[in-house]
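These notes are about the structure you will find just below.
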Amino acid sequence: MATRIHPLLGAFAILVFFFLLAPLVIIVGSALSDTTFLTFPPQGLTLRWFANIFQMEAFRRTAITSLQVALLGTGLSLLIGIPAAYALNRYRVELPRWLSTLFVLPILVPEIVFGFALLKSITIGLGLPVFISLVVGHALLILPYSVRVVGASLASFDFSIEEAARSLGCPPLKTFMTVVLPNIRAGVIAAFILAFITSINDVSVSVFLTGPGISTLPIQILAHMEQFFDPTIASVSVLLMLVTVGVMAIVEATLGLTFLTK
Amino acid sequence: MTVSLTIENLSAHYGTTQVLKDLSISVAAGELVSLLGSSGCGKTTTLRLVAGFLQPTSGRIRLGDRDLTTLPAHARDIGLVFQNYALFPHLTVLDNVAFGLKQRGLAKTDRTKRAMAMLERVGLAPLADRLPAALSGGQKQRVALARALVIEPPLLMFDEPLSNLDAKLRIDMRVEIRQLQRANGTTSLYVTHDQEEAFSISDRVAIMNAGRILQLDTPEVLYQKPASAFVARFVGFENLIPMKVVERQAATVTAEAAGGTRLHLSQDLFGPIKDDFILACRADGLAVRREGEGIPAVLGTRTYLGRAYQYKCKTAAGEITANGPLSDPLDAGAQAVLTPLPEQCCILDPED
Numbered sequence: 022m023a024t025r026i027h028p029l030l031g032a033f034a035i036l037v038f039f040f041l042l043a044p045l046v047i048i049v050g051s052a053l054s055d056t057t058f059l060t061f062p063p064q065g066l067t068l069r070w071f072a073n074i075f076q077m078e079a080f081r082r083t084a085i086t087s088l089q090v091a092l093l094g095t096g097l098s099l100l101i102g103i104p105a106a107y108a109l110n111r112y113r114v115e116l117p118r119w120l121s122t123l124f125v126l127p128i129l130v131p132e133i134v135f136g137f138a139l140l141k142s143i144t145i146g147l148g149l150p151v152f153i154s155l156v157v158g159h160a161l162l163i164l165p166y167s168v169r170v171v172g173a174s175l176a177s178f179d180f181s182i183e184e185a186a187r188s189l190g191c192p193p194l195k196t197f198m199t200v201v202l203p204n205i206r207a208g209v210i211a212a213f214i215l216a217f218i219t220s221i222n223d224v225s226v227s228v229f230l231t232g233p234g235i236s237t238l239p240i241q242i243l244a245h246m247e248q249f250f251d252p253t254i255a256s257v258s259v260l261l262m263l264v265t266v267g268v269m270a271i272v273e274a275t276l277g278l279t280f281l282t283k
Numbered sequence: 012m013t014v015s016l017t018i019e020n021l022s023a024h025y026g027t028t029q030v031l032k033d034l035s036i037s038v039a040a041g042e043l044v045s046l047l048g049s050s051g052c053g054k055t056t057t058l059r060l061v062a063g064f065l066q067p068t069s070g071r072i073r074l075g076d077r078d079l080t081t082l083p084a085h086a087r088d089i090g091l092v093f094q095n096y097a098l099f100p101h102l103t104v105l106d107n108v109a110f111g112l113k114q115r116g117l118a119k120t121d122r123t124k125r126a127m128a129m130l131e132r133v134g135l136a137p138l139a140d141r142l143p144a145a146l147s148g149g150q151k152q153r154v155a156l157a158r159a160l161v162i163e164p165p166l167l168m169f170d171e172p173l174s175n176l177d178a179k180l181r182i183d184m185r186v187e188i189r190q191l192q193r194a195n196g197t198t199s200l201y202v203t204h205d206q207e208e209a210f211s212i213s214d215r216v217a218i219m220n221a222g223r224i225l226q227l228d229t230p231e232v233l234y235q236k237p238a239s240a241f242v243a244r245f246v247g248f249e250n251l252i253p254m255k256v257v258e259r260q261a262a263t264v265t266a267e268a269a270g271g272t273r274l275h276l277s278q279d280l281f282g283p284i285k286d287d288f289i290l291a292c293r294a295d296g297l298a299v300r301r302e303g304e305g306i307p308a309v310l311g312t313r314t315y316l317g318r319a320y321q322y323k324c325k326t327a328a329g330e331i332t333a334n335g336p337l338s339d340p341l342d343a344g345a346q347a348v349l350t351p352l353p354e355q356c357c358i359l360d361p362e363d
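Chains as they are written, first to last, in my numbering: chain A, 22 to 283; chain B, 12 to 363.
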């Protein structure tokens, strides 16, 4: 059966896809351009800008820092976020309403303000080393995702199965690990991915927290662009895109992407 | 080994609201006692206190010679069957049933063997590898029952276990629950708001209202001899007629209802009668006659019940429902006399 589509609707859909995909096409094109400046369409094709990245120590170092910060920060945020989400749902009636709002503050406050506040409090105030500051700062920045996404899967969790486990002789902490966690697994993984991607891409908080000798990849990209306007930037971007696509492919293959949109 | 459950002077609060008031009840070893009442009467609160999910403000809960009052829920060793089944969605039927055995440290082969034997008993062995989502409501409740029974708890508790099932399945399941409970001789506490269910399954039933037990008796006694107007109404006494004694002559009293209707009642037949009382009877407890001694009435709509005709009658004492014999159908508007039958009537204290 053929469905009739209004010509305007079709045209509108094509425009939407164009605006979504065009910037990515331009980036990929620019990355392959055999010129020393950013241009599109590419003039000549080369992979030397990709090779260039791997020769630049700064990119390699900051990429590793970014990965470390993202992994540790996400882990820390889940460590706080999962119990917080659990408590907010389990004791929804008893706890004050403003408490759940408190956990989304980091995305409600303008990021630049949040970043500056972190600089004042943890870097200057507590005097923490740069790397630790970055991990703590990122953990706080992405905490809302952990709490909200894990909370969403706890909202449909039937807490009476927890009571069933208790009545069968399972102590509280073990009940959480063996009965609650397996049933909110999809939420935890979704929270991990969202938080990880947010951390990897963050500029506005990191720009305040990076310090001498320690920087993250997005900050390094900005710094590089200030000095050289060559296709290296485009090729780094393409690599970041490929990493994201790779993560998505793994998720799709193991869990199916649908759980992210549920 | 069967033990008794003793609840002594239990009180509980939600915030500042008292939901249980000095409740005491004891369930003998191997007995099944139901807590029956409408929602908010405290029956589920009582069960949750015994399970250890709530803490009482005062009172004690003992199971055999163990004091449960301050034990955490997981150390109480009580089998629980929930209204919404509460199966573990991520575990197979077999693993659900084996869960309690695993907590008790049984080796895998042992627990699989015992869980399978239990599934066999509830007729679900062929579904052992399924996930709960692939089961019907009745099957889920059987799994829940198996999961609670397999740990051989000294006490089984049921929280409205049949409410989510359809009518026919409810009757089958309650027979099954009763058989399993009898066979194991497990002391049981059963919470329900369904009178028929409570009466059919229990050794004794506690009728609850506003955080108190009003009457704890066998279903037969509750059905025939309720001890208060509330319980009488609860177990289906259609007619509660407030009366006052106006004259006493030897064993016979003359009592008057609203509107001046007078009745002569023999205390030899009705039992002792106080000056103020309520005459309580079901529709069957009043004989509908064309004439004689009794409450004069004008008959209203006649309904055919199969075993009798039921009349809504207008009397000076208010509307009364009475059943008349099939052999003598009377028409709406006919004059008749309603005579209380002593063995089917109760003399109750007036309500506050």
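Just so you know, even glycine gets a beta-carbon here, dropped at the ideal spot from N, CA and C.
Given this structure, state the Cα-to-Cα distance separating R141 (chain B) from G94 (chain A), to the nearest angstrom.
Taking the straight line from one Cα to the other gives about 39 Å.
So, helix, strand or coil for T122 (chain A), using DSSP?
Helix, per DSSP.
Residue of B:R185, B:T123, B:P164 minimising C-alpha distance to R153 (chain B)
Between R153 (chain B) and the set B:R185, B:T123, B:P164, the nearest pair of CA atoms involves B:R185.
Tell me K323 (chain B)'s beta-bridge partners as DSSP assigns them.
Its beta-bridge partners are B:T332.
Per-residue contacts from R115 (chain B) into chain A (C-beta, under 7 Å)
Within chain A, the residues G190 have their CB atoms less than 7 Å from the CB of R115 (chain B), given in chain order.
What does R71 (chain B) pair with, by DSSP beta-bridge criteria?
In the DSSP output, where bridge partners are listed per residue, R71 (chain B) has B:E19.
For the alpha helix (DSSP H) that contains H124 (chain B), what are its first and last residues?
One detail in the question is off: residue 124 (chain B) reads as Lys in this sequence, not His. Per DSSP, K124 (chain B) belongs to the alpha helix (DSSP H) from 119 to 132.
By the DSSP assignment, the alpha helix (DSSP H) with S211 (chain B) in it spans what residues?
In this chain, the alpha helix (DSSP H) harbouring S211 (chain B) covers 206 to 212.
Just the chain A side, please: which residues come within less than 7 Å of P100 (chain B) by C-beta, in chain order?
N204, listed in chain order.
Would you mind working out which of A:I133, A:R187, A:F137 sits nearest G90 (chain B), comparing C-alpha positions?
Among A:I133, A:R187, A:F137, the Cα nearest to that of G90 (chain B) belongs to A:R187.
Chain A contacts from the stretch 74 to 106 of chain B (Cβ-Cβ distance under 8 Å)
Residues of the stretch 74 to 106 of chain B that bring their beta carbon within less than 8 Å of a beta carbon in chain A comprise P83, A84, H85, A86, R87, D88, I89, G90, L91, F93, N95, A97, L98, F99, P100, H101, in sequence order.
What residues in its chain sit with their C-beta under 7 Å from that of R111 (chain A), if we drop five residues either side in the sequence?
Apart from sequence neighbours up to five positions away, the residues of its chain that approach R111 (chain A) with a beta-carbon distance below 7 Å are F180, ordered along the chain.
By the DSSP assignment, the alpha helix (DSSP H) with L89 (chain A) in it spans what residues?
Note that residue 89 (chain A) corresponds to Gln in the displayed sequence, not to Leu. If you look at Q89 (chain A), you'll find it in the alpha helix (DSSP H) that goes 78 to 111.
F110 (chain B) CB to nearest chain A CB: under 8 Å?
Output row for F110 (chain B): interface = yes.
A211 (chain A), enclosing alpha helix (DSSP H) - first and last residue
First-last of the alpha helix (DSSP H) with A211 (chain A): 206 to 222.
Quick check on DSSP: helix, strand or coil for A40 (chain B)?
A40 (chain B) falls in the coil class under three-state DSSP.
Members of the stretch 92 to 119 of chain A near chain B, C-beta cut-off 8 Å:
Those would be none; no residue qualifies.
With a floor of 4 residues, list each alpha helix (DSSP H) that falls wholly inside the stretch 137 to 162 of chain B, ordered by position along the chain.
Secondary structure within the stretch 137 to 162 of chain B: the alpha helix (DSSP H) runs of 4 or more consecutive residues, fully enclosed, are 148 to 160 (chain order).
Shortest alpha-carbon distance to A176 (chain A) belongs to which of A:I133, A:A43, A:G208, A:G232?
When only C-alpha atoms are compared, the closest one is A:G208.
So, is the C-beta of L187 (chain A) closer than 8 Å to a C-beta in chain B?
Residue identity differs from the one stated: residue 187 (chain A) is Arg in this sequence, not Leu. So, interface residue.
Where does Y107 (chain A) land, buried or exposed, given buried means 16+ other C-beta within 10 angstroms?
Buried, because 16 or more other Cβ atoms sit within 10 Å of the Cβ of Y107 (chain A).
Given a cut-off of 8 Å, decide if F197 (chain A) and G136 (chain A) are closer than it, judged by their beta-carbon atoms.
Result no, Cβ atoms of G136 (chain A) and F197 (chain A) do not sit closer than 8 Å.
K323 (chain B) versus G311 (chain B): straight-line alpha-carbon distance, rounded
Their Cα atoms are separated by approximately 5 Å.
Rounded C-alpha distance that separates A268 (chain B) from L337 (chain B)
For A268 (chain B) and L337 (chain B), the distance between alpha carbons rounds to 29 Å.
How many angstroms separate the CA atom of K195 (chain A) from the CA atom of I224 (chain B)?
C-alpha separation (whole angstroms): 37 Å.
Using a Cβ-Cβ distance cut-off of 8 Å, determine whether F245 (chain B) contacts chain A.
Not flagged as an interface residue toward chain A: F245 (chain B), since no C-beta distance is shorter than 8 Å.
Using a Cβ-based criterion (distance less than 7 Å to any ligand heavy atom), does Y96 (chain B) qualify as near the ligand HEM?
Judged by which ligands are present, the structure shown has none, so any question about the ligand HEM falls away.
7 Å CB neighbourhood of R300 (chain B) in its chain, flanking five on each side removed:
Result list for R300 (chain B): A347, V348, T350, in chain order.
According to DSSP, simplified to helix, strand and coil, what is T196 (chain A)?
Residue state, collapsed to three classes: helix.
Under the rule that 16 or more other beta-carbon atoms within 10 Å means buried, what is P172 (chain B), buried or exposed?
By the 10 Å Cβ count, P172 (chain B) comes out buried.
Under 8 Å, Cβ to Cβ, is there at least one residue of chain A near I162 (chain B)?
True, the Cβ-Cβ gap to chain A drops below 8 Å.
Tell me which residue opens and which closes the beta strand (DSSP E) that Y315 (chain B) is part of.
Per DSSP, Y315 (chain B) belongs to the beta strand (DSSP E) from 306 to 315.
Could you pull the start and end residues of the alpha helix (DSSP H) that N250 (chain B) belongs to?
Unbroken run through N250 (chain B) is the beta strand (DSSP E), 250 to 260; no alpha helix (DSSP H).
Ignoring anything shorter than 3 residues or poking outside the stretch 267 to 293 of chain B, list the beta strand (DSSP E) runs there in chain order.
At a cut-off of 3 residues, the continuous stretches assigned as beta strand (DSSP E) that sit fully inside the stretch 267 to 293 of chain B are 273 to 277, 287 to 292.
Looking only at its chain, what residues have a beta carbon closer than 6 Å to the beta carbon of N73 (chain A), apart from the 5 residues adjacent to it on each side?
By the criterion of a C-beta distance shorter than 6 Å, N73 (chain A) is surrounded in its chain by T253, once the five residues flanking it on both sides are discounted.
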